[in-house]
Every structure is written in structure tokens, then in C-alpha cells.
Amino acid sequence: MATPHPPLVFEEIPSHVQLSQVDGEACSTKARSLLDLSSADALVDFCAEILLVEDNANDEALTLHAFKGQNFANHVHVVRDGAEALEYVFCTGAYANRRTENPKVILMDRNLPFVDGIDVLRRIRRDPRTRLIPVVMLTSLSEECDVVETFALGVNGYIVKPLDSKQFNEAVNRLGYYSLLINHELTVATESSPELRP
Amino acid sequence: MADNGVEILLVEDNENDEMLALHAFKRQNIVNNVHVVRDGAEALEYIFCTGAYADRTIENPRLILLDLKLPLIDGTEVLRQIRSDPRTRFIPVVVLTSSSEERDIVETYRLGINSYIVKPVDFEQFNEVTKHLGYYWLILNRQPAFVNGLSPASISERVST
């Protein structure tokens with residue numbers, strides 16, 4: 001199948017947008033300047049972040065390593081199968097007492113134990129409390145039928161994990177940066193507004 | 199990617215913002231072919247190959263960057279039509295707007311946008327955001343291949359089978 005991608009151009013993220021060497025305060029300053037966040041509350045909001053749904057320990061380590069390079073690692077919660085993902089998202093089972101905000105973005109593998117990624121996505125999109133949370137598939141599958149199905153279910157992005165570890169790192173860096181600093185998501189989907197929270 | 203393929207359809211009525219975006223894309227070397235339309239009606243004509251674009255033969259854009267406040271037909275309505283037509287519903291749509299109003303964010307996410315970006319006021323930040331945007335959508339993201347691999351007419355056949 002024709003993959004309509006241009007040649008990969010992995011230019012470096014310029015140093016002034018790297019969050020790796022800066023401390024938390026500088027990091028938040030950058031976030032504020034990019035997103036026009038202006039209060040301490042916004043900073044707390046900035047720390048709620050990413051739900052990573054990944055059953056492969058190696059990919060999980062690679063992903064967390066990449067986030068660490070950007071100081072995003074502290075804001076990632078990892079669940080290892082589809083059932084746990086649903087418990088986390090809907091505050092049931094082991095997560096019945098979750099008090100943290102909903103994630104700003106859900107990065108999810110396609111093939112997962114117990115409940116697969118497609119099914120998790122379907123349930124997230126069906127529930128008014130969670131349907132507006134951005135979901136990005138981060139998967140090693142690039143089958144056309146899979147891409148079509150996830151788009152039909154309302155996925156926000158579909159990213160195929162690069163095999164090369166440097167490219168994997170770069171892709172996750174970019175993905176984190178885009179999802180947390182460039183994209184605006186709903187505050188009602190992430191804040192603890194009682195009628196919208198699970 | 200086909201040489202004649204439009205990578206991004208930019209729907210933007212503000213000349214200054216259009217210039218900034220084109221300049222930023224040019225600088226980063228990722229996005230080479232942007233088609234600009236200046237109101238919602240022209241956007242729909244381009245996307246659905248009607249009116250002035252009835253003879254468009256080049257592929258669908260890989261990404262639509264949509265402002266919300268547009269002359270003639272507003273961005274929300276353009277989005278609604280894109281998402282309700284099987285030929286175009288899978289084209290990634292990113293809202294690029296100066297509005298950070300909650301109701302705009304809620305409504306457009308409900309209608310199925312892929313991403314919502316508030317235009318930074320600062321020139322350098324605008325550059326930065328545009329660069330990440332091009333990289334994310336044209337290099338990282340995968341989309342159903344038939345969305346831009348076929349002409350709008352054959353897309354319609356493919357989807358209906």
C-alpha cells in the first residue's frame with residue numbers, strides 16, 4: 001500500500017524548545033508562554049497529562065525514556081492492558097478512588113491484553129464523560145483496515161512506532177510536545193467538573 | 199507522495215495570518231505545497247470539487263487547517279460538512295484559531311476535529327507552533343491511505359463498497 005509520507009526529516013528540536021535541561025519552573029514558564037497559561041492553577045493543570053496504555057515492557061521503557069528527555073515523564077501514568085485502561089479512565093476497580101484529573105491525552109497501543117485498543121477507544125468515545133479526550137494510537141500495526149477503523153471511531157491521531165530507537169525517541173518527543181504544548185483540549189474533559197467526571 | 203499533491207489546505211481569511219503561516223511552513227522545509235482558500239464557501243468548493251474547483255483533479259489535502267471565523271460560511275459548518283460526507287470524513291482537520299473559548303473547543307471536538315490550536319500572538323511562537331504542526335501531521339501521523347490516494351470520485355466508490 002502506498003504510504004503517502006514525505007521523506008523523514010528528523011531535524012533537531014532547537015535548544016530553546018528543549019525542556020530537558022530546564023528545571024520545573026523554567027518548564028512551566030515555557031508552557032505558559034506557549035499556551036498562554038498564566039496562573040498557578042494552569043501549572044497544576046499542566047502536570048496532569050498523559051495516560052500511556054502499553055503492554056510491551058520494552059516499548060514502555062523507550063517511551064518513558066523519550067518523555068524523560070523532555071521532562072514529561074513525571075506526568076505519565078502507565079497502564080498495561082485494556083481492562084486497566086478502562087478502569088483508570090472510568091474510575092472503577094483498582095481506580096475507583098482516583099482523584100486526579102482525566103488525562104490530557106491518551107496514548108494507546110492497538111493490541112492489548114484483555115480488552116483491545118479498538119474496544120477501549122470505542123468505549124471512551126461512547127461515554128459523554130470521556131468522549132472528548134484526545135486519543136492517539138501509538139502502535140506497531142500499520143494495516144490500512146486498522147487505520148480506517150480507528151479513524152471511523154474518532155481517533156485523533158495514528159502513529160506507527162518507528163523500529164529504529166532513535167527515530168522512536170524522536171517520534172515520542174514530538175508526540176508529547178504536540179499533545180501537551182501545542183494542542184488545546186477541553187478543560188471540561190480534564191478538570192474535575194462533577195457532572196463530567198466519571 | 200505525489201508531486202502535485204496538496205499537503206495542506208489552509209482556510210484563512212486573515213491575510214496577515216496567512217502570510218505568517220506560509221512563511222513558517224516555508225522555513226521548516228516539511229510542508230512544500232499549501233493551497234489557501236479565504237472563506238468557508240471556497241473551502242467547501244475546494245473540498246467537494248464544486249464551483250470554481252469542479253475540475254480539481256489533484257488529490258485531497260493531507261491536512262485541513264481551519265480557522266473558525268470565516269466569511270460566508272463559518273468554520274464550524276465547513277467542519278460539519280467535511281465530517282458528514284464519507285468521501286472526506288477521515289481527512290485530518292486541525293482548528294487553527296484565535297479563539298480559546300470553551301464552547302468553540304467543545305463544539306469542534308464534538309464534531310470530530312483531530313486537534314485544536316490557538317494561534318500564538320507572538321511571531322516566533324507562531325513559527326514554532328506551525329513547525330510542530332507540520333511535522334506532527336505530515337510526518338508522524340498516519341491516516342487512511344485512500345483519503346488522499348484517490349480522486350474524490352473514486353473515494354466515493356471505495357467507501358460505498
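In order, the protein sequence lines correspond to chains D and A.
Quick note on our numbering: the first sequence kicks off at 1 and runs consecutively.
Quick note on our numbering: the second sequence kicks off at 199 and runs consecutively.
Beta carbons: idealized from backbone N, C-alpha and C, even for Gly.
This structure is a prediction, so every number in the text was calculated from the model and none was measured.
Limits of the unbroken beta strand (DSSP E) element including T295 of chain A: V291 to T295
Interface flag, H330 of chain A vs chain D, CB-CB below 8 Å: yes
With 16 other Cβ atoms within 10 Å as the buried cut-off, status of H221 of chain A: exposed
Minimum Cβ-Cβ distance from L338 of chain A to chain D less than 8 Å: yes
Nearest to E170 of chain D (by Cα), restricted to the options D:T63, D:D127, D:L86 and D:N97: D:T63
Those residues which DSSP pairs with Y314 of chain A across a bridge: A:V293
Complete alpha helix (DSSP H) runs within the region 56-131 of chain D (minimum length 4 residues, chain order): 57-68, 82-90 and 117-126
Cβ-based burial, M137 of chain D [other Cβ within 10 Å; buried from 16]: buried
CA nearest to the CA of L51 of chain D, picked from D:K104, D:A57 and D:R98: D:K104
Among A:T248, A:R281 and A:L208, nearest to V306 of chain A - alpha-carbon criterion: A quick correction: the sequence has Thr, not Val, at residue 306 of chain A. The shortest C-alpha separation from T306 of chain A is found at A:R281.
R280 of chain A - containing beta strand (DSSP E), residue span: At residue 280 of chain A the sequence reads Ile, which differs from the Arg that was named. First-last for I280 of chain A: G273 to S282, but that is the alpha helix (DSSP H), not the beta strand (DSSP E).
Boundaries of the beta strand (DSSP E) in which V136 of chain D is found, first to last residue: V135 to T139
Residues of the region 236-268 of chain A whose Cβ lies closer than 8 Å to any Cβ of chain D, in chain order: R260
Opposing strand residues paired with L268 of chain A [DSSP bridges]: For L268 of chain A, which the question treats as bridged, DSSP gives no partner whatsoever.
Minimum Cβ-Cβ distance from N312 of chain A to chain D less than 8 Å: yes
Host beta strand (DSSP E) of Y158 of chain D (start-end): G157 to V160
Closer than 8 Å to chain D by CB, R225 of chain A: no
Beta-carbon proximity check, I206 of chain A vs V235 of chain A, cutoff 8 Å: no
V148 of chain D - partner residues in DSSP beta bridges: DSSP lists no partner for V148 of chain D.
Short CB-CB distance (under 8 Å) between S363 of chain A and chain D: Only positions 199 to 359 of chain A appear in the structure, and residue 363 of chain A is not among them; the question remains open.
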